[in-house]
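Numbering (the working numbering), first residue to last: 3 to 119.
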């Protein structure tokens, strides 16, 4: 039986670290953190998140090394709703990154939390 995307993401979230945008930006004040926007370039062009690196979900595994090769680097992933961020977190964990967090909220919440930080 095929899984729906919401079912797959729910399963993935049981095995990854998740957080809200507010908590991510609070934590980033205390610990050096890397924010990665895994949305497509055209989405980012329409509504960018300041101080986030854009690496689209489809090429994240190939390009993450240009941002960090530190397996303990705190990495926050965000997208439009948290789905792609969850998928990306799973993949970075599989690559060996140990401090990866998926921000699971709407894009507007990420922008708002970033502006307030």
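A virtual CB, placed ideally from N, CA and C, is assigned to each residue, including glycine.
Please list the terminal residues of the continuous beta strand (DSSP E) segment that includes residue 36.
It spans 35–39 - the beta strand (DSSP E) in which residue 36 sits, taken as one unbroken run.
Pick from 69, 28 and 56: whose alpha carbon is nearest that of residue 86?
Looking at the Cα atoms, 56 is the closest of the given residues.
Strictly by DSSP, which residues pair up with residue 80?
Partner(s): 39.
Going along the chain, which residues of its own chain have a beta-carbon closer than 6 angstroms to the beta-carbon of residue 76, five neighbours each way excluded?
The answer, listed in chain order, is 33, 35 and 101.
Taking the alpha-carbon positions, what's the residue 136 to residue 69 distance?
The structure shown does not extend to residue 136, since the chain is modelled only from 3 through 119, so no value can be given for it.
Under a three-way DSSP split, which group does residue 110 fall into?
The answer is helix: DSSP assigns residue 110 an H, G or I state.
Mapping DSSP to helix, strand and coil, what is residue 132?
Absent from the model: residue 132. The displayed extent of the chain is 3 to 119, so no value can be given.
Exposed or buried, which one is residue 96 when buried takes at least 16 other CB atoms within 10 Å?
It counts as exposed.
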